[in-house]
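To start, the structure under review is shown below, and the notes come after it.
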Amino acid sequence: MSVEIVDSSTIVNFVEDEEAFHVSVRDLFGELDTDRDGLLCYGEMVKELERLRVFETHFGIDVKREAGEVAGVYESLFVQFDHDLNGRVDFEEFKHEIKQMMLAMANGIGFLPLQMLLERDSLLMKAVRRESAAPVAA
Numbered sequence: 001m002s003v004e005i006v007d008s009s010t011i012v013n014f015v016e017d018e019e020a021f022h023v024s025v026r027d028l029f030g031e032l033d034t035d036r037d038g039l040l041c042y043g044e045m046v047k048e049l050e051r052l053r054v055f056e057t058h059f060g061i062d063v064k065r066e067a068g069e070v071a072g073v074y075e076s077l078f079v080q081f082d083h084d085l086n087g088r089v090d091f092e093e094f095k096h097e098i099k100q101m102m103l104a105m106a107n108g109i110g111f112l113p114l115q116m117l118l119e120r121d122s123l124l125m126k127a128v129r130r131e132s133a134a135p136v137a138a
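In full-length UniProt numbering, the protein residues as written are 1 to 138.
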């Protein structure tokens with residue numbers, strides 16, 4: 001993990017860079033697709049939702065939740081990704097929802113820079129690295 005400075009333009013520019021965004025999302029999709037069938041089932045998506053610590057409330061401290069509540073939230077998130085409701089998430093569905101989530105994050109962050117603790121291979125970290133590697137305009 002690393003503390004990085006992030007603002008909305010970091011995220012928006014990453015999402016708008018179609019090649020960088022596509023490759024990054026494809027890599028994440030590939031990591032989640034453990035059975036390599038080109039689709040994400042609920043079980044594969046739940047692993048990512050657990051890693052994202054959806055229920056974390058304050059700096060790594062989680063509140064104990066009822067199993068039914070957790071399952072309900074995870075199921076509703078899965079359905080958000082599963083546009084055709086076939087019980088599987090294909091790459092295009094996944095990419096579309098990741099894009100929407102990242103743009104919503106950018107909108108919430110706004111233009112004031114924030115310090116954020118980012119995981120090494122997260123999409124946000126990839127956005128920061130992309131921005132850091134970009135040539136500075138004269």
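We put the beta carbon where it would ideally sit given N, CA and C, even for glycine.
The three-state reading of DSSP puts Met116 in strand, counting E and B together. Counted as a single uninterrupted DSSP element, the beta strand (DSSP E) harbouring Glu4 occupies residues 2-6.
Counted as a single uninterrupted DSSP element, the alpha helix (DSSP H) harbouring Asn107 occupies residues 91-109. Secondary structure of Leu32 (DSSP, three-state): helix. Considering only Val3, Lys95, Glu66, the residue with the shortest C-alpha distance to Asp27 is Lys95.
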